[in-house]
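Down below is the structure, laid out as structure tokens.
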Amino acid sequence: MADNAWFEVQDLGNGITALGERLREGTDVKSYLVEGDRDLAVIDTGTGVGDFAGLVAAQSAREPLVLQTHGHWDHIGAAHRFARVLIHPADAAALRAGEDNAAFRKHFGEGAIPYAWLPAGFDPATASIPGKDPTGTLLHGQQIDLGGRVLEAYHTPGHSPGSISLLDRQARALFAGDVMKIGMVLLGRRQRSGRLSRDAAPGRRAGRSGRCHPRLARRPADARRRARAASRLRAGLDRSPPDHDPNHELRATNRN
Ligand SMILES: [Zn+2]
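Heads up, the sequence shown is in numbering that gives the first Met the number 0, so the first residue is 0 and it goes up one at a time.
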């Protein structure tokens, strides 16, 4: 397999390109490129399999600015290949840590990404995700000016403490990372019996937790925070951009 055949490249119009990577049959992870006049927003950096940075460079000559929706392995894989990387402070440690080979190689093989899918030259036996020191923070209310195009950041915790969603108001596009998914989402704490515990979010049924995200947030408090974040997002779609309120970040971080 040619190296970049690992990625599925989709032009979504409006200067937005999706870069997909298959995780399992029927499941993929997508990163997005959003072109401004000056900068290219790279929203997430994939799994670290394949030449992600080379593909980005081939897609656009603009200066890449990485905006991480969160710090899970399948979204930070190639962050270390870029000069400018922003992430919410609550997920910064995951970005700094990366994944060593002992953890990273578990994403491949039986029940995970099939070896047969992997591009030539990628060896799960030795590969890892190098850590990356973020070069800046991505905070609620922040406006990322790409030149003639602005992305608005919303703090939408729940899937991870530092999950950020990015709104492109003009294109009417929302980049929500793993905060929104198609399929079941686990909102309560599962007991050994497989039933939800009594403190599960009312009115919600449990799905199974995503295997790619073993630390998927599953506390009821997280479900409530996720619902509040969704309300904020819905409100933001119809109203003016949020003021940047540093106290919001402080309160949110203190709850974690
Ligand atoms: Zn995730």
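Just so it is clear, CB atoms sit at the ideal spot from N, CA and C, and this is done for glycine as well.
An exposed status is given to P113, since fewer than 16 other beta-carbon atoms sit within 10 Å of its beta-carbon. Of all alpha-carbon atoms in V41, P88 and H74, the one lying nearest the alpha-carbon of P160 is that of P88. By the criterion of at least three beta-carbon pairs nearer than 8 Å, the region 44-62 is in contact with the region 71-85. DSSP, reduced to helix, strand and coil, places S159 outside both helices and strands of the structure shown, so it counts as coil. The bridge partners DSSP lists for G53 come to none.
Spatial neighbours of F51 in its own chain (CB-CB distance under 8 Å, excluding positions within 5 residues in sequence) are listed in chain order as F6, L18, S30, T44, G45, G76, A77 and R80. Non-local beta-carbon contacts of A93 in its own chain, meaning distances under 6 Å to residues more than five positions away in sequence, involve G70 in chain order.
Within the DSSP secondary-structure output, H154 pairs in a beta bridge with I163. Given a length threshold of 3 residues, each whole run of the beta strand (DSSP E) inside the region 83-152 is given here in chain order: 84-86 and 142-144. For R225, the closest of G53, Y153 and S127 by C-alpha to C-alpha distance is Y153. Note on R171: under 16 other CB atoms within 10 angstroms of its CB, so exposed under the neighbour-count rule. A Cβ-Cβ distance of about 20 Å is found for the pair D99 and V28, leaving them out of contact under the 8 Å criterion.
In the structure shown, the three-state DSSP call for S59 is coil. Looking at the backbone, the Cα of L54 and that of V8 are separated by about 9 Å.
DSSP, reduced to helix, strand and coil, places R21 within a strand of the structure shown. Here DSSP, grouped into helix, strand and coil, assigns A40 to strand. Cβ-Cβ distances below 7 Å link S59 to L32, E34 and L39 in the same chain, with the five nearest sequence neighbours on each side left out; the list follows chain order. With distances taken between CA atoms, H139 lies nearest to I163 out of I163, R83 and L22. At a threshold of 6 Å, H87 does not count as near ligand 1, since its beta carbon sits no closer than that to any of the ligand's heavy atoms. DSSP places D10 in the uninterrupted beta strand (DSSP E) bounded by F6 to G12. Boundaries cannot be given for D177, as no beta strand (DSSP E) includes it and DSSP labels it neither H nor E. Within the DSSP bridge table, the entry for I15 names G12 and V33 as partners.
Residue pairing by DSSP places D27 opposite R21 in a beta bridge. The nearest non-hydrogen atom of ligand 1 is less than 6 Å from the C-beta of H71. Comparing alpha-carbon positions, the option among L117, P133 and R104 lying closest to R83 turns out to be P133.
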